[in-house]
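Everything on this sheet refers to the single structure shown next.
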Ligand code: 13P
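In my numbering, the protein residues as written are 454 to 712.
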C-alpha cells in the first residue's frame with residue numbers, strides 16, 4: 454500500500470505567539486502545488502495554536518495544526534492542562550503524544566500515553582505517538598523490543614478503526630537534538646518492527662495503512678536516506694522545523710519521494 458508522506462514540525466517550547474505568526478506565514482508563503490502530495494502539520498506551543506491556525510486558514514494552504522500534548526479528560530480540575538475539545542476549538546486536528554521529553558521530564562507513563570491516544574481517537578483527532586529507546590537500551594541490544602513494547606502499550610485496547618487515527622514516530626532519544634542521527638538502516642529496522650507489532654495488534658490492513666515517521670536530527674541533508682526506506686513515511690522534525698528554509702526543503706524532499 455502506498456502511504457502519503459507526512460512531515461510534522463515539533464516546535465517544542467520555542468516561538469512566542471508573535472514569532473509563531475512570522476514562522477507559520479513564512480512556511481505558508483512557500484506552499485506550492487507539489488505539497489499536496491505530502492501531509493504537513495505544524496505543532497507549535499499550545500498558546501500559539503490559535504494564531505498559527507488563523508494564518509494557515511487565511512492562506513487556505515492545507516497545512517494542518519497540531520498540539521504537542523493534551524489531557525485525556527474533556528474538562529475538570531487539572532490545573533495547567535489542555536483538553537482535546539479546547540484544542541479542537543482553536544483548529545488543531547493533530548496532537549503529539551508521549552514525546553520522550555514529556556516521558557523524561559514530566560513523568561508521562563505508557564498508561565497516560567494510552568489514555569491520550571484513546572481519547573484523541575474518540576474525538577477524531579490524529580495522534581502522533583512517539584516511541585524511542587535510550588542509548589543504554591540500544592547498547593544492550595534491546596532497542597526493537599523496547600520500542601515495540603511502547604507501541605503495544607500506546608495502542609492497547611484500540612480497534613483497527615481507532616488505530617487509524619494514530620501515526621507512530623520512531624525517535625531514538627540519543628538522536629534528538631544531538632546532531633547524531635540513526636542510520637537509515639537502523640531506523641528502517643525499527644520502523645519495520647513497529648509495523649509488524651501494529652499488524653499483530655490490529656491486523657495487516659491497518660498496519661499497512663499506518664504511517665511510521667522517523668525523528669531525531671532530521672534535516673534536508675539527511676532526509677533522502679530515511680524517506681527512501683520502505684517503512685518510513687515521513688519525519689517528525691524538531692530543530693529544522695524552526696527554520697523556514699529547512700522545513701520547506703524537507704517538505705519538498707518528501708514530495709519528491711511521493712512521486
Ligand atoms: P530534533 O529534530 O531537534 O532532533 O528533534 C526531534 C524531535 O524530538 C521531534 O519531536
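Virtual Cβ for every residue (Gly too), placed ideally from N, Cα, C.
Three-state class that DSSP yields for residue 578 in the structure shown: coil
Whole-angstrom distance between residue 660 and residue 649, CA atom to CA atom: 7 Å
Reduced DSSP category for residue 506 - H, G, I as helix; E, B as strand; rest coil: helix
Out of 542, 531, 546 and 692, state which residue places its alpha-carbon closest to the alpha-carbon of residue 574. 546
Candidates 571, 624 and 606: closest to residue 586 by CA position: 624
Given this structure, state the Cα-to-Cα distance separating residue 500 from residue 645, to the nearest angstrom. 36 Å
Is the beta carbon of residue 655 closer than 9 Å to that of residue 685? no
Does the Cβ of residue 595 lie closer than 8 Å to at least one heavy atom of the ligand 13P? no
When you compare each of 496, 550 and 589 to residue 607 by their alpha carbons, which one comes out closest? 550
Pair within 9 Å by beta-carbon distance, residue 555 and residue 522: yes
For residue 536, write down the residues that DSSP places opposite it in a beta bridge. 524
Residue 590 beta carbon less than 9 Å from that of residue 621: no
Proximity below 9 Å, CB of residue 697 to CB of residue 486: no
In whole angstroms, what is the alpha-carbon distance linking residue 691 and residue 460? 11 Å
Quick one: is residue 505 near chain C, going by C-beta distance under 9 Å? The chain inventory of the structure shown lacks chain C, comprising one protein chain alone.
Please report the distance separating the alpha-carbon of residue 543 from that of residue 572. 18 Å
For residue 580 and residue 616, I'd like the C-alpha separation in whole angstroms. 9 Å
Give the straight-line distance between the Cα atoms of residue 582 and residue 524, rounded to the nearest whole angstrom. 14 Å
Euclidean distance between Cα positions of residue 479 and residue 705: 15 Å
Identify which residue in 566, 600 and 456 has its Cα closest to the Cα of residue 490. 456
Within 10 angstroms of the Cβ of residue 475, are there 16 or more other Cβ atoms? Answer buried if so, exposed if not. exposed
Pick from 609, 601 and 540: whose alpha carbon is nearest that of residue 570? 609
Would you say the beta carbon of residue 519 comes nearer than 8 Å to a heavy atom of the ligand 13P? no
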